[in-house]
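Residue numbers (the working numbering): 789 to 1174.
Positions of the beta carbon are idealized from the N, C-alpha and C atoms, including for glycine.
Take a look at the structure below.
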């Protein structure tokens, strides 16, 4: 008799959300310990420490969440079953090997590049196949974004092999902006939809403007290309200000007072607010009024972190047969704790004396870790069971 597939391998969200939660609990504390001189084996040989951190947050944590979400969502969109069982385990194994390869001396650099390329290509192919099978042209943009993660990562690894920090930096930034582009697409699809269906009286009051959708799509592409490859501060400042205005308008159009009573809704909304505010910080950084890393962490810790937390919490409930309108009572406080961590990481360093910066990093890392500990405690069991 054929053995039943264990629950954790039945659908992409179960496997990759589990990996994302566990990786988040390792990679940020490890980074903080490394900064204090207490973590051996990090970063990988030949990789500057800040680029190791960026790579593992983008291609490790964020891509685990994106892969789990999209492999689950595309089954609903197309009706075609996605990876499960041993093929899903194989894809997860490639992700794990790539993480091991980014720790010092565990895998040769060329092997690490090959393993991670295989993971990214496998994830993109697993998402593309159902789309092609039913010819769902609406998903073309997401298909391209998933495949573009592959050359972005190869650029990073080529830089590592050639000892070229500029190439490594371009690879990490390209991956970051591709993840953001995927988040903008998914937020546009799900945030207003969830608010309309989750808040009494919101139906018909949530607005989407077609011209905002198109302008945001193309201007963000221009912004990302400039930020990664061109480095023209006045262009970046102009694009960032326009994108801030466009996304602030979106937030206004999506707002309903009732969403603040629903943690999984205000979590997504606050995450999108972080993404919006990050454009304002990018404009200020282009004008040399704030350090560029603060703006990048508004995108990463604030935007990607908050949105992926809220999305994992909601998707895990819905796809395990639980009520998305009645999340565990810890979810709201955990999201609030994480928001506090974002403020400590992004806002306070721009206000307090520079001597406080190491302490602020410790606090932000601690709040990140506490949040993911709480979420893992509540969600890992449901991801691993029926």
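It is roughly 42 angstroms from the alpha-carbon of residue 979 to the alpha-carbon of residue 896. Selection 927, 1088, 1162 and 1034 evaluated against residue 850 yields 1088 as nearest (Cα-Cα). The three-state reading of DSSP puts residue 1077 in coil, since its state is none of H, G, I, E or B. At the C-beta level, residue 911 and residue 971 stay beyond 9 angstroms of one another. If you draw a straight line from the Cα of residue 993 to the Cα of residue 1044, it comes to about 8 angstroms.
Here residue 796 carries a helix assignment [DSSP, helix/strand/coil].
DSSP places residue 948 within a helical segment (H, G or I) once states are collapsed to three.
Listed in chain order, the non-local C-beta contacts of residue 804 below 6 angstroms within the same chain comprise 852, 855 and 856, local neighbours out to five positions each way being set aside.
In this structure, residue 839 keeps its C-beta atom at 9 angstroms or more from the C-beta atom of residue 922. Rounded to whole angstroms, the separation of the alpha carbons of residue 1020 and residue 874 is 47 angstroms. From the listed residues 835, 1058 and 797, the smallest Cα separation to residue 871 is found for 797. In this structure, 986 is the residue among 1078, 1027, 842 and 986 with its C-alpha nearest to the C-alpha of residue 1113. If the five residues before and after residue 1027 are omitted, its C-beta is found closer than 7 angstroms to the C-beta atoms of 1007, 1010, 1011 and 1014, all from its own chain and listed in chain order.
One thing to note: residue 936 has its Cβ no nearer than 9 angstroms to the Cβ of residue 905. Taking a contact as a CB-CB distance under 8 angstroms, the pair residue 1122 and residue 1090 does not count as one, their CB atoms being some 15 angstroms apart. When DSSP assignments are scanned along the region 858–932, the uninterrupted stretches of alpha helix (DSSP H) that are 4 or more residues long and fall wholly within it turn out to be 874–889 and 897–922.
Per the Cβ contact rule, the region 1058–1077 is not in contact with the region 948–964 (fewer than 3 Cβ pairs under 8 angstroms). Closest option to residue 914, judged by alpha-carbon separation, among 901, 899, 943 and 861: 861.
With contact defined as three or more Cβ pairs closer than 8 angstroms, the region 1128–1135 and the region 1101–1118 are not in contact. Distance from the Cα of residue 1125 is smallest, within the candidate group 1098, 1144 and 1110, for 1098. For residue 819, the closest C-alpha among the options 1151, 1172, 1166 and 1173 is that of 1151. Residues 907 of the same chain have their beta carbon placed closer than 6 angstroms to that of residue 883, with the five preceding and five following residues left out of the count. A direct Cα-to-Cα measurement between residue 816 and residue 1115 gives close to 26 angstroms. Distance from the CA atom of residue 965 to the CA atom of residue 1035, rounded to whole angstroms, is 16 angstroms.
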